[in-house]
Amino acid sequence: MADLQTYSHDAGWKNTILRGLLYLVLILFAAYYLFPLIVMVSTSLKSLDEIREGSLISLPRVVTFDAWNYAWNEACVGVECTGIKVYFWNSVKMAIPAVLISTFLGAINGYALTKWRFKGANIVFALLLFGCFIPFQVVLLPMSQVLGKLGLASSTPGLVMVHVVYGLCFTTLFFRNYYVSIPDELVKAATIDGAGFFTIFWRIILPISTPIIVVSVIWQFTQIWNDFLFGASFASGENAPMTVALNNIVNTTTGVKQYNVDMAAALLTGLPTLLVYVLAGKYFVRGLTAGSVKG
Amino acid sequence: MASLTLDKVRKAFGPVEVLKEINLAIEDGEFLVLVGPSGCGKSTLLNLIAGLESSTDGEIRIGDRVINDVHPKDRNIAMVFQSYALYPNMTVRKNITFGLEIRGVSAQERDKAVADVAKLLQIEPLLDRKPSQLSGGQRQRVAMGRALVRDPDIFLFDEPLSNLDAKLRVDMRTEIKKLHQRLGSTIVYVTHDQIEAMTLASRIAVMKDGILQQFDTPQNIYERPNNMFVAGFIGSPSMNFINATLIDNNGKLAVSIERDGSPITLPLFEAPESYKAYVGKKVVFGIRPEGLTHKRTGSDEPGSQYVNFDSKVEVIEPTGADTMTVIEIAGKEIVARVRPDRAPTPGESMTFSADMSQISLFDPDTELRI
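Here the protein sequences line up with chains A and B, keeping their order.
Note that my numbering has the first sequence beginning at 78, numbered continuously upward.
Note that my numbering has the second sequence beginning at -13, numbered continuously upward.
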């Protein structure tokens, strides 16, 4: 009995120390990630004078949203001084259709690959998987030729198409893995009930796909919204997405460097993806693990 | 409602033949049970009838209509699945009417049909729930409701009770039987449970390795199994198989069983013509546990169907109604079914009666019934 007590006493001390260490490490990591964000937010809320006088990490004495307003409405991208808002809408016009179309096509692909297994379905899936590993840079030249031939060069629809084609591999993978865990008998029952390929998809499969739709939407939205390379290559000038515009603002070499405007513009660019995570984040984790453990 | 005919139906997946020339025919209103161990092809056969898979060869007919190339939805069949396959996103009501809706039945008629089926299956209070809110037994009922509402020619059941617990399984079994008696519908039912097969079927098809072993009424299959597989598969506890020799015992045929000490000689009660060829040869003597009992009254009289012999008792397993008594003959464990008040204690020697009117003889090489 006495032995047991000493033992648990020791373990208690050990636990406290280990737990303390654990928290210390976690706090350090959190700070490491949060610090740049704090600097960005605080800089964006300072006036340019204050930035010049104070140090990088000091908090703003006077909070002002002038830089945000300037970045949104007046900042110069190249020679046009229309603010970043034009390009924000460009990104919205690109991201929303591209996310929806690639998610929808991924769902149909996944459904066909698991529930209507045709000859060579595995090969098709393997090829699609292969698409996940093709680096962006490899396809730049051929893709620009294709877009040129289709008359979609330097346009938002062209960019949408590129992102749909590129995202298809990932969305198909998501949906295929999700649908594998849905019993085939469901489709058989619906077939006997008289439903065809699309009726089953719309009425039965899609309504039970919410978790994986959320995963696909978050993934695709983050990828497409944050993309720079395709945006810079296939949509120039007034059609450029926000990421490209941000780069043009920050890299302007003429005039005074407006750090507060740069920070505000960068935060504005990052905000939509952040918002998507906050709104749907819990479904993201749930959807990623769905199907991995059989209920 | 309609009859069902399978004519030389074959199914192969590439080089693997899973069904070899199946011939089956049932009349309108019959309850056919396909039974066999897993991997015997019974579910594949059901899928062929449903049209979920296509046969490699042969003809499937419902009534006079050849349905090989008819789409499942046009075969006028309904199926109940092992996992129930209820649509998780729909209420019970929607689940039941989905098929009708797809077929363009009016909302009014659908409501009436649901009401009728719900009443029949006593699931009226469940109609507005989702499948996830139902218990196993309730899901089972809804799955049957979905099949019943369509009033099909043939009902197909794919191991519908195997996901239920033991008590509920027995209840639902009775309910399915009642339903069949009431509706008089044609049913094809797949199971691996021989008790389900015996209790439900008007005819049983026993399958193994894609081959139809026997197709007959439950009683015939039980009493006159075609081969040792059927004999061992149907009935619980299984039929006892004892290696023996068929001998001519003073003009009367008998089986002689070697054992330590004196051999047991059991004169046959009936001797069909087919036995003659096996006189003096090795045979497998098959007798069900209920054919081996404690000593029966009248078993000493001449001409009795019972033959008595003594044996030492190894183990007893009381089941309440009967006591299963294990004895050892010729190195094999043999189960006898003894009335509890006549049950021996292990190690004791006692007299058993073998009912020679209920025996089977098999060829030890082909394993076929003689």
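Glycine included, C-beta positions come from ideal geometry on N, C-alpha and C.
The model shown is predicted, which means the values in this text are computed figures rather than measured ones.
May I ask you to list the residues that DSSP assigns as paired with residue i?
i, result
"residue 65(B)", "142(B)"
"residue 172(B)", "140(B)"
"residue 355(B)", "348(B)"
"residue 117(A)", "Its beta-bridge partners do not exist; DSSP assigns none."
"residue 202(B)", "190(B)"
"residue -3(B)", "5(B)"
"residue 238(B)", "235(B)"
"residue 295(B)", "338(B)"
"residue 279(B)", "339(B)"
"residue 314(B)", "319(B)"
"residue 230(B)", "269(B)"
How about residue i: is its C-beta nearer than 8 Å to some C-beta of chain B?
i, result
"residue 234(A)", "no"
"residue 271(A)", "yes"
"residue 263(A)", "yes"
"residue 281(A)", "yes"
"residue 368(A)", "Legend: pLDDT at residue 368(A) = 44, less than 50; position of this residue unreliable, no value from coordinates given."
"residue 285(A)", "yes"
"residue 219(A)", "no"
"residue 260(A)", "yes"
Return no unless some Cβ of chain A is closer than 8 Å to the Cβ of residue i.
i, result
"residue 227(B)", "no"
"residue 67(B)", "yes"
"residue 99(B)", "no"
"residue 85(B)", "yes"
"residue 292(B)", "no"
"residue 64(B)", "yes"
"residue 73(B)", "yes"
"residue -10(B)", "no"
Report the rounded CA-to-CA distance for residue i versus residue j, giving the unit in angstroms.
i, j, result
"residue 225(B)", "residue 133(B)", "37 Å"
"residue 304(B)", "residue 327(B)", "11 Å"
"residue 223(A)", "residue 247(A)", "22 Å"
"residue 283(A)", "residue 191(A)", "14 Å"
"residue 272(B)", "residue 244(B)", "15 Å"
"residue 283(B)", "residue 293(B)", "11 Å"
"residue 273(A)", "residue 37(B)", "14 Å"
"residue 346(A)", "residue 125(A)", "21 Å"
"residue 233(A)", "residue 301(A)", "12 Å"
"residue 185(B)", "residue 257(A)", "37 Å"
"residue 105(B)", "residue 276(A)", "29 Å"
"residue 114(A)", "residue 131(B)", "59 Å"
"residue 301(B)", "residue 40(B)", "51 Å"
"residue 145(A)", "residue 186(A)", "43 Å"
"residue 352(B)", "residue 311(B)", "30 Å"
"residue 151(A)", "residue 162(A)", "9 Å"
"residue 206(B)", "residue -12(B)", "24 Å"
"residue 252(A)", "residue 120(B)", "28 Å"
"residue 231(B)", "residue 253(B)", "12 Å"
"residue 263(B)", "residue 255(B)", "17 Å"
"residue 216(B)", "residue 200(B)", "7 Å"
"residue 306(A)", "residue 226(A)", "20 Å"
"residue 257(B)", "residue 276(B)", "21 Å"
"residue 327(A)", "residue 75(B)", "50 Å"
Starting from residue i, find everything on chain A with Cβ-Cβ shorter than 9 Å and list it in chain order.
i, result
"residue 38(B)", "265, 268, 269"
"residue 59(B)", "268, 269, 270, 271, 272, 273"
Taking 7 Å as the cut-off, is the beta-carbon of residue i closer than that to any non-hydrogen atom of the ligand FMN?
i, result
"residue 287(B)", "In terms of ligand content, the structure shown is empty, and the ligand FMN therefore cannot be addressed."
So residue i and residue j are supposed to be a Cβ contact under 8 Å. How far apart are they, rounded?
i, j, result
"residue 151(B)", "residue 172(B)", "That pair is no contact at about 29 Å."
"residue 20(B)", "residue 191(B)", "5 Å"
"residue 78(B)", "residue 115(B)", "6 Å"
"residue 67(B)", "residue 187(B)", "With a Cβ gap of about 20 Å, residue 67(B) and residue 187(B) do not count as contacting."
"residue 245(A)", "residue 182(A)", "6 Å"
"residue 316(A)", "residue 231(A)", "6 Å"
"residue 312(A)", "residue 65(B)", "53 Å between Cβ atoms; not a contact."
"residue 337(A)", "residue 123(A)", "6 Å"
"residue 198(B)", "residue 8(B)", "5 Å"
"residue 85(B)", "residue 270(A)", "4 Å"
By the criterion of Cβ-Cβ separation under 9 Å, what are the contact partners of residue i in chain B?
i, result
"residue 276(A)", "88"
For residue i, which residues in chain B fall below 8 Å Cβ to Cβ?
i, result
"residue 174(A)", "The contacting residues do not exist; residue 174(A) stays about 26 Å from chain B at best."
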